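Position one of the sequence shown corresponds to residue 1042 (my numbering), numbered consecutively onward.
To start, the structure under review is shown below, and the notes come after it.
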Amino acid sequence: MSELKKFRVMYKIQVCLLGCLLSLACSAKDTIVYSSPFDFPLLLSANFGELRTNHFHNGLDIKTKGSVGHPVRCIADGYVARVAVQHGGYGQAIYIAHPNGQTSVYGHVLRFAPKVERFVRNYQYANETFVCNLYPKPAMFPVKKGDIIAWSGNEGASAGPHLHLELRKTATDEYLNPMPYFKKYLSDTKAPVATHLAVYPVLGQGVVEGSYRKKMIPVASVSLIHAWGKIYAGISAKDLMNNTHNVYGVHSVTLYVDDKKVFHSVTDAVLPDENRMINSFVDFDERVRTRRWIMRSYKEPGNRLRLLKVGPERGIVTVSEERDYHFRYVLEDDFGNRRTYRFTVRGKKQSLPALPPFEGEWLRVSRNTIVQRPGLELMVPKGYVYTDVPLDVHVIPDSVGVSYKYVLDAGNTPLHSYCPLAIGVRNMPVSNPKKYYLKQQDGKWSGPVIGKLEKGWYRAKVRALGTFSVAVDTVPPVITPVERTKWKATRNIRMKVKDEASGIAAYKVFVDGKFVLFGLKKGVLVIQDKEKIKRGVPHVVKVIVTDCCGNETRKQFKI
Ligand SMILES: [Zn+2]
1042 MSELKKFRVM YKIQVCLLGC LLSLACSAKD TIVYSSPFDF PLLLSANFGE LRTNHFHNGL
1102 DIKTKGSVGH PVRCIADGYV ARVAVQHGGY GQAIYIAHPN GQTSVYGHVL RFAPKVERFV
1162 RNYQYANETF VCNLYPKPAM FPVKKGDIIA WSGNEGASAG PHLHLELRKT ATDEYLNPMP
1222 YFKKYLSDTK APVATHLAVY PVLGQGVVEG SYRKKMIPVA SVSLIHAWGK IYAGISAKDL
1282 MNNTHNVYGV HSVTLYVDDK KVFHSVTDAV LPDENRMINS FVDFDERVRT RRWIMRSYKE
1342 PGNRLRLLKV GPERGIVTVS EERDYHFRYV LEDDFGNRRT YRFTVRGKKQ SLPALPPFEG
1402 EWLRVSRNTI VQRPGLELMV PKGYVYTDVP LDVHVIPDSV GVSYKYVLDA GNTPLHSYCP
1462 LAIGVRNMPV SNPKKYYLKQ QDGKWSGPVI GKLEKGWYRA KVRALGTFSV AVDTVPPVIT
1522 PVERTKWKAT RNIRMKVKDE ASGIAAYKVF VDGKFVLFGL KKGVLVIQDK EKIKRGVPHV
1582 VKVIVTDCCG NETRKQFKI
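In structure tokens, the structure reads:
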């Protein structure tokens, strides 16, 4: 064998080996097997990627037969990496880190496994706090596949008993679609269904049915649409599964125009920082005004969502010929069920309608924007709007108010994250600077934003535009006992707590002078350790509730 031949053979063997190793590595990743967290057949009330307010749904919501207290089993070997207790969100959640670099998260649980429950309780009592976020050492709570790690519940921001099951990349907290691992437990032969189609003219560059406004069409009555210039499309759709009446997010949307793919989305992985970009993917204005979700087949310049695949046109279609343009949407779910929707846009040459005049300033995607008026300073950092938008600022003078009212109006425009806002204080009816807060109004709704009063300015960070003014809260929270007459018999001590202005900041409950753990659940303080109340023994329950402006209410009850 010549040297060259030898080299070639060796090279081939090496390439072969490398190939084998690579395929081994890939198949190792592909063969991760997760078991079911429940002993009963699975049904979902939500899937991964379902459209939600300010986020994609990050996991699977598994129904628990309408009741709480079902054992939750760990889906693979690993260790308890984190335990979190909070008022909203997942309420109580347990995180298991697995050797494959993924973490499984179990949310809204009623109770943790006894050892973990004890660990959490010890922390809560030592720190006199219900809310906690703990990271036990890996050696502390190792778990095996099938171990009971919790009991299912309805805790936190949950509208009914279910388990929120999530998979994340441990290193980055990237949310992963669990469906590929769990579809073997589910059945789905139903394709996604659309309800509406939408065609949008690009502002100032396109026209749809003679107007610079969008055109919405129910799929049942879709007909010919006339347009000219730059336009893009959108679709309102949901997915269905077998054996339930729930509706789900559509896993994949593809738009073809004259058989050319112009837009494609597949919701399989979302980074925490991408989550709010859902507000750019969907027609945010439509959502705010009508509650309807429309997925736009257009990627705005500031939208960094990796799950949206577009060419250099970002999904925009240029209608520049007087002919028919054939639009075809293909919707697909996780199980490969597909449905197609077609409609025709007819090019009709026409002049673009004049836009209404605008004399305000612009919030820009590509740079920090500082908006200043007497008594107002707003900074919108680069990338915090997803497209350039005009901003109108109205100042509403108020000679007796703490501050003027400032209307920051950019239509229904989402902000990506918190923007610093400062409002000048004109009157100080109380001298304590802690009593001031920023009041945000949006139509009939109003809510507090907590910041700091310094040198005549109230400074806070806002995540939405709207109407802002500075207000004072000197009114302490209200505590109302719930079913007090039954406390003695049931030991189920509950108190409704409410603060109209700045909101509840903290609470503590003492029984016979000793701290007893209560949790704030959907506005009600609920005892967590009924055992601390002995039957047939008189007790004194003392409650202290503080609002965000430091106003305090103390109440005492005898049982
Ligand atoms: Zn969920």
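Beta carbons: idealized from backbone N, C-alpha and C, even for Gly.
Computed from a predicted model, the values in this text were never measured in an experiment.
Checklist entry - Would the C-beta of H1205 count as close to ligand 2, meaning under 6 Å from any of its heavy atoms? => result No copy of ligand 2 appears in this structure; the ligands present are ligand 1.
Checklist entry - Counting pairs of Cβ atoms below 8 Å between the stretch 1516-1525 and the stretch 1470-1490, do you hit three or more? => result no
Checklist entry - Measuring CB to CB, does D1324 end up less than 7 Å from R1337? => result yes
Checklist entry - Any heavy atom of ligand 1 within a distance shorter than 6 Å of the CB on D1514? => result no
Checklist entry - Could you give the residue range of the alpha helix (DSSP H) that holds T1521? => result Taken as a continuous stretch (DSSP letters only), T1521 belongs to no alpha helix (DSSP H), being part of the beta strand (DSSP E) at 1519-1523.
Checklist entry - When the Cβ atoms of the stretch 1091-1100 are set against those of the stretch 1155-1171, are three or more pairs found closer than 8 Å? => result no
Checklist entry - How many Å lie between Y1499 and A1463 at the Cα? => result 5 Å
Checklist entry - Can the beta-carbon of V1538 be found less than 7 Å from the beta-carbon of V1586? => result yes
Checklist entry - Which stretch, first to last residue, makes up the beta strand (DSSP E) that contains M1220? => result Unbroken run through M1220 is the alpha helix (DSSP H), 1220-1223; no beta strand (DSSP E).
Checklist entry - Skipping 5 residues on each side, what residues in its chain have a beta carbon closer than 8 Å to that of T1385? => result L1265, I1266, D1365, Y1366, H1367, F1368
Checklist entry - For E1207, which beta-bridge partners are listed by DSSP? => result V1146
Item to check | Cutoff 8 Å; reference V1161; Cβ partners in own chain excluding five residues on either side | outcome: V1124, V1126, F1153, C1173, L1175
Checklist entry - Going straight from the alpha carbon of K1596 to that of V1584, what length do you get? => result 5 Å
Checklist entry - Would you report the Cα separation of E1196 and V1263, rounded to the nearest angstrom? => result 43 Å
Next on the checklist: Looking at K1255: is its Cβ nearer than 7 Å to the Cβ of A1239?
Outcome noted: yes
Item to check | Reference A1532; option with closest CA among V1426, V1360, T1594, K1571 | outcome: One point to set straight first is that residue 1532 is Arg, not Ala, in the sequence displayed. When only C-alpha atoms are compared, the closest one is K1571.
Checklist entry - CB of D1433 to nearest heavy atom of ligand 1: below 6 Å? => result no
Next on the checklist: Taking 7 Å as the threshold (C-beta atoms), are D1118 and K1186 in contact?
Outcome noted: yes
Item to check | Alpha-carbon spacing of P1455 relative to P1342, whole angstroms | outcome: 14 Å
Item to check | Opening and closing residue of the beta strand (DSSP E) in which V1351 lies | outcome: 1349-1351
Checklist entry - Does DSSP put P1183 in a helix, in a strand, or in coil? => result strand
Checklist entry - Comparing the CB of D1102 with every heavy atom of ligand 1, is any distance shorter than 6 Å? => result yes
Checklist entry - When DSSP labels each residue in this structure, what does W1528 get in the three-state scheme? => result helix
Next on the checklist: Tell me which residues share the same chain as T1236 and place their Cβ nearer than 8 Å to its Cβ, disregarding the 5 neighbours each side in the sequence.
Outcome noted: P1259, V1260, S1277, A1278, K1279
Item to check | Environment of W1486 [buried if 16+ CB atoms lie within 10 Å] | outcome: exposed
Checklist entry - Taking Cβ positions, are S1145 and L1085 nearer each other than 7 Å? => result no
Checklist entry - If you compare alpha carbons, which of F1081, S1361, T1594 is closest to Q1246? => result S1361
Item to check | For V1291, the three-state DSSP class (helix, strand or coil) | outcome: coil
Next on the checklist: Rounding to the nearest angstrom, what Cα-Cα distance links V1150 and S1199 in this structure?
Outcome noted: 10 Å
Item to check | Where the alpha helix (DSSP H) through T1213 begins and ends | outcome: Per DSSP, T1213 belongs to no alpha helix (DSSP H) and is neither H nor E.
Checklist entry - What is the C-beta distance between F1171 and G1560, in whole angstroms, given that I count them as a contact (C-beta under 8 Å)? => result 5 Å
Item to check | Extent of the continuous alpha helix (DSSP H) to which I1319 belongs | outcome: 1319-1322
Item to check | With 16 other Cβ atoms within 10 Å as the buried cut-off, status of F1182 | outcome: buried
Next on the checklist: Tell me the residue span of the beta strand (DSSP E) that contains A1191.
Outcome noted: 1189-1192
Checklist entry - Hey, N1284 and S1228 are a contact pair by Cβ (cut 8 Å); roughly how many whole angstroms apart? => result 7 Å
Checklist entry - Any idea which residues DSSP pairs Y1273 with across the strands? => result Y1241
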